[in-house]
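Visitor: Below is one structure. I have some questions about it.
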Amino acid sequence: MVRVDLWAWPLAQPAARLRRFRALLSADEVARADRFLRPSDRDGFVAGRGRLREILGGYLGRAPQAIGFRYNDFGRPEVDGAGDLAFNLSHSGGRAALAVSDGAQPGLDIEAIRPIEAAVARHHFSDREYGALMGLAGADWLAGFYRCWTRKEAVIKALGQGLSMDLKAFDVTLRGDEPARLQRLTGGQVRDWTLVHLAPGPGLIGALAVETRGRGLRIVPCAGWPGAVSPDVPGSSQGCGWRQARDGWGSHG
Amino acid sequence: MTPLDLRSAFLADLTAVAPDLDAATIGDDDHLQVDLGLDSMDFLNLVSALHKRFGLPIPEADYPRLATPAKAVAYLSAMLGQPQPPLQAARRPHAGPSR
Numbered sequence: 001m002v003r004v005d006l007w008a009w010p011l012a013q014p015a016a017r018l019r020r021f022r023a024l025l026s027a028d029e030v031a032r033a034d035r036f037l038r039p040s041d042r043d044g045f046v047a048g049r050g051r052l053r054e055i056l057g058g059y060l061g062r063a064p065q066a067i068g069f070r071y072n073d074f075g076r077p078e079v080d081g082a083g084d085l086a087f088n089l090s091h092s093g094g095r096a097a098l099a100v101s102d103g104a105q106p107g108l109d110i111e112a113i114r115p116i117e118a119a120v121a122r123h124h125f126s127d128r129e130y131g132a133l134m135g136l137a138g139a140d141w142l143a144g145f146y147r148c149w150t151r152k153e154a155v156i157k158a159l160g161q162g163l164s165m166d167l168k169a170f171d172v173t174l175r176g177d178e179p180a181r182l183q184r185l186t187g188g189q190v191r192d193w194t195l196v197h198l199a200p201g202p203g204l205i206g207a208l209a210v211e212t213r214g215r216g217l218r219i220v221p222c223a224g225w226p227g228a229v230s231p232d233v234p235g236s237s238q239g240c241g242w243r244q245a246r247d248g249w250g251s252h253g
Numbered sequence: 254m255t256p257l258d259l260r261s262a263f264l265a266d267l268t269a270v271a272p273d274l275d276a277a278t279i280g281d282d283d284h285l286q287v288d289l290g291l292d293s294m295d296f297l298n299l300v301s302a303l304h305k306r307f308g309l310p311i312p313e314a315d316y317p318r319l320a321t322p323a324k325a326v327a328y329l330s331a332m333l334g335q336p337q338p339p340l341q342a343a344r345r346p347h348a349g350p351s352r
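These protein sequence lines are chains X and V, in that order. If you count the first sequence from 1, position 20 lands on 20 in my numbering, and the numbers rise without skipping. If you count the second sequence from 1, you need to add 253 to reach my numbering.
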């Protein structure tokens, strides 16, 4: 069984909290924050990374500022010496969302629903996905677009690849009346994957992708996550940060 | 189109997908995600707008070649079969950690 904890928080934070988060960042993270042209992007980065460090520190039993990140070839951050712990961060519409897993790399994407031209789908979706999308209209079309895109980006992020991956190399479901599912994956087995539709909050759509390889998937909504994971997955009252359940996490990290 | 025309067109499409960016403050070496804060949806919109404007296919493997205005102008020049004299690099006027 793969467990994934879902966390969420707002990127707009009071100045005092931003200062506290900034103090948790490494020198290269501070430099990266200061590269942003727009102050809102800079502050959002600080709030995203600062809170990420706090949460991961809780799992690993380390001070937030003691966490070291390394980056894969496509820029996905991973924690140095974290054992089985894997995470993925996403942000959109002023919210950050985080998936933390124990033994399988999660891919998480949330998107604020905003108007989009059909040409974007034509350019980036597979023929099968585009055909399914064009069978929808109005608000269903827009929701279908974001269901499709968040699922695609979640798969890309779980695979650790950037947007330069061939987006037409795989198909996902997108209609509201069928479950989230990978339908085709060039070079891979769709049965190895579990996709979950997420409801991260008002005006947002999300998706989680995990290469579960036949294992079950248990999702636990944690602090900041708005109730149920999605209409398909009820919320859980169980607490997060499963160090107690997996004694040794952090001690060997 | 000259490189300056391509730069203007690229910045017009860029600021259309991120309206709170001011084209006058964008440097040619500014990275779309790292410096300008574009997210994946912004980037998809930008690629689609460039595709529409120039009629180029722009496959995913080429996306890194759009990472900065300077790279994008070089890429568009090459794809449109035009000579590529270098841009006079526009530096971001207020670059630096003091913002």
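Here a beta-carbon is modelled for each residue, glycine too, at the ideal position from N, C-alpha and C.
Quick check on the burial criterion: 16 or more other C-beta atoms within 10 angstroms. Buried or exposed for residue 72 (chain X)?
Guide: What you label residue 72 (chain X) is simply residue 72 of the first sequence in a count that begins at 1. Flag for residue 72 (chain X) reads exposed.
Visitor: Applying the 10 Å Cβ sphere with the 16-neighbour rule, what's the burial state of residue 13 (chain X)?
Guide: Residue mapping note: residue 13 (chain X) aligns to position 13 of the first sequence, counting from 1. Under this definition residue 13 (chain X) is a buried residue.
Visitor: Which chain V residues are close to residue 165 (chain X), counting only those with a beta carbon under 8 Å from its beta carbon?
Guide: Position 165 of the first sequence, counted from the start, is the residue given in the question as residue 165 (chain X). In chain order: 313.
Visitor: Contact criterion: CB-CB distance below 7 Å. Does residue 37 (chain X) meet it with respect to chain V?
Guide: Walking along the first sequence from the start, residue 37 (chain X) turns up at place 37. Chain V, which has a Cβ nearer than 7 Å to the Cβ of residue 37 (chain X), makes this yes.
Visitor: Please report whether the beta-carbon of residue 308 (chain V) lies at a distance below 7 Å from any beta-carbon of chain X.
Guide: Within the second sequence, residue 308 (chain V) is the residue found at index 55, counting from 1. False, the Cβ-Cβ gap to chain X never drops below 7 Å.
Visitor: To test your reading of the DSSP string, which unbroken beta strand (DSSP E) runs of 3 or more residues are found completely within the region 156 to 218 of chain X?
Guide: With a minimum length of 3 residues, the continuous beta strand (DSSP E) runs that stay inside the region 156 to 218 of chain X are 170 to 172, 182 to 185, 194 to 198, 204 to 210.
Visitor: Give me the residue from V:312, V:325, V:335, V:331 with the minimum Cα distance to residue 266 (chain V).
Guide: The sequence position of residue 266 (chain V) within the second sequence is 13, counting from 1. Closest by alpha carbon: V:325.
Visitor: Let me see if you follow: with CB-CB separation under 7 Å, is residue 330 (chain V) close to chain X or not?
Guide: For the purposes of this step, residue 330 (chain V) is taken as the residue at position 77 of the second sequence. No, its Cβ sits nowhere closer than 7 Å to a Cβ of chain X.
Visitor: Taking contact to mean 3 or more Cβ pairs, one atom from each stretch, closer than 8 Å, check whether the region 278 to 291 of chain V and the region 36 to 53 of chain X are in contact.
Guide: Yes: at least three Cβ pairs fall under 8 Å.
Visitor: For residue 255 (chain V), count the other beta carbons within 10 Å of its own beta carbon; 16 or more makes it buried, fewer makes it exposed. Which is it?
Guide: Position 2 of the second sequence, counted from the first residue, corresponds to residue 255 (chain V). Classification of residue 255 (chain V): exposed, given that the 10 Å Cβ count is below 16.
Visitor: Under a three-way DSSP split, which group does residue 298 (chain V) fall into?
Guide: The count along the second sequence starts at 1 and reaches residue 298 (chain V) at position 45. In the structure shown, residue 298 (chain V) sits in a helix (DSSP, three-state: H, G or I).
Visitor: Please report the straight-line C-alpha distance between residue 293 (chain V) and residue 31 (chain X), rounded to a whole angstrom.
Guide: Taking the first residue of the second sequence as position 1, residue 293 (chain V) is located at position 40. Taking the first residue of the first sequence as position 1, residue 31 (chain X) is located at position 31. Whole-angstrom Cα-Cα distance: 22 Å.
Visitor: Ends of the beta strand (DSSP E) at residue 292 (chain X)?
Guide: Nothing in the structure corresponds to residue 292 (chain X), since chain X is present only between 1 and 253.
Visitor: Could you tell me the distance, in whole angstroms, from the CA atom of residue 61 (chain X) to the CA atom of residue 315 (chain V)?
Guide: Taking the first sequence and counting its residues from 1, the one referred to as residue 61 (chain X) is at position 61. Taking the second sequence and counting its residues from 1, the one referred to as residue 315 (chain V) is at position 62. About 42 Å.
Visitor: So is residue 29 (chain X) in contact with chain V if we call contact Cβ pairs under 7 Å?
Guide: The residue labelled residue 29 (chain X) in the question sits at position 29 within the first sequence. For residue 29 (chain X), the answer is no, since every Cβ of chain V falls outside 7 Å of its Cβ.
Visitor: What in chain V is Cβ-close to residue 119 (chain X), meaning under 8 Å?
Guide: Here residue 119 (chain X) refers to the residue found at position 119 when the first sequence is read from its first residue. Those within 8 Å of residue 119 (chain X) in chain V are 301, 304, 305.
Visitor: Return yes when the Cβ of residue 151 (chain X) is within less than 7 Å of the Cβ of residue 120 (chain X), no when it is not.
Guide: Stepping through the first sequence from its first residue, residue 120 (chain X) is reached at position 120. Stepping through the first sequence from its first residue, residue 151 (chain X) is reached at position 151. Taking 7 Å as the Cβ cut-off, residue 120 (chain X) and residue 151 (chain X) do not qualify as a contacting pair.
Visitor: Taking residue 92 (chain X) as the query, report the chain V residues whose CB atoms sit under 7 Å from its CB, ordered along the chain.
Guide: Within the first sequence, numbered from 1, the residue matching residue 92 (chain X) stands at position 92. Here the neighbours are 292.
Visitor: Output yes if chain V places a C-beta closer than 7 Å to the C-beta of residue 18 (chain X); else output no.
Guide: Mapped onto the first sequence, residue 18 (chain X) falls at position 18. So, not an interface residue.
Visitor: Nearest-angstrom Cα distance between residue 138 (chain X) and residue 206 (chain X)?
Guide: Reading the first sequence from its first residue, position 138 is the one you call residue 138 (chain X). Reading the first sequence from its first residue, position 206 is the one you call residue 206 (chain X). Rounded to the nearest angstrom, the two C-alpha atoms are 19 Å apart.
Visitor: Cβ of residue 148 (chain X) within 7 Å of Cβ of residue 178 (chain X)?
Guide: Walking along the first sequence from the start, residue 148 (chain X) turns up at place 148. Walking along the first sequence from the start, residue 178 (chain X) turns up at place 178. Not a contact, by the Cβ cut-off of 7 Å.
Visitor: Within 7 Å of any Cβ in chain V, is that where the Cβ of residue 129 (chain X) sits?
Guide: Within the first sequence, numbered from 1, the residue matching residue 129 (chain X) stands at position 129. No, because no Cβ of chain V sits closer than 7 Å to the Cβ of residue 129 (chain X).
Visitor: Is the beta carbon of residue 4 (chain X) closer than 7 Å to that of residue 101 (chain X)?
Guide: For this step, residue 101 (chain X) is matched to residue 101 along the first sequence. For this step, residue 4 (chain X) is matched to residue 4 along the first sequence. Contact: yes.
Visitor: Using three-state DSSP, classify residue 10 (chain X) as helix, strand or coil.
Guide: To locate residue 10 (chain X), count along the first sequence from 1; it is residue 10. If DSSP states are grouped into helix, strand and coil, residue 10 (chain X) belongs with the strands.
Visitor: Pick out the complete alpha helix (DSSP H) segments inside the region 7 to 72 of chain X, 4 residues or longer, and give them in chain order.
Guide: As far as the region 7 to 72 of chain X is concerned, its whole alpha helix (DSSP H) runs of at least 4 residues are 15 to 24, 27 to 35, 39 to 60.
Visitor: Using a Cβ-Cβ cutoff of less than 8 Å, which residues in the same chain neighbour residue 80 (chain X) once the five nearest sequence positions on both sides are dropped?
Guide: Counting from 1 along the first sequence, the entry for residue 80 (chain X) is found at position 80. Cβ within range, chain order: 67, 68, 69, 70.
Visitor: Which chain V residues are close to residue 197 (chain X), counting only those with a beta carbon under 9 Å from its beta carbon?
Guide: Numbered from 1 along the first sequence, position 197 holds the residue referred to as residue 197 (chain X). Correct list: empty, because the minimum Cβ distance to chain V is about 18 Å.
Visitor: Determine the contact status of residue 195 (chain X) and residue 185 (chain X), defining contact as a CB-CB distance below 7 Å.
Guide: Counted from its first residue, the first sequence places residue 195 (chain X) at position 195. Counted from its first residue, the first sequence places residue 185 (chain X) at position 185. No, the Cβ-Cβ distance between residue 195 (chain X) and residue 185 (chain X) is not below 7 Å.
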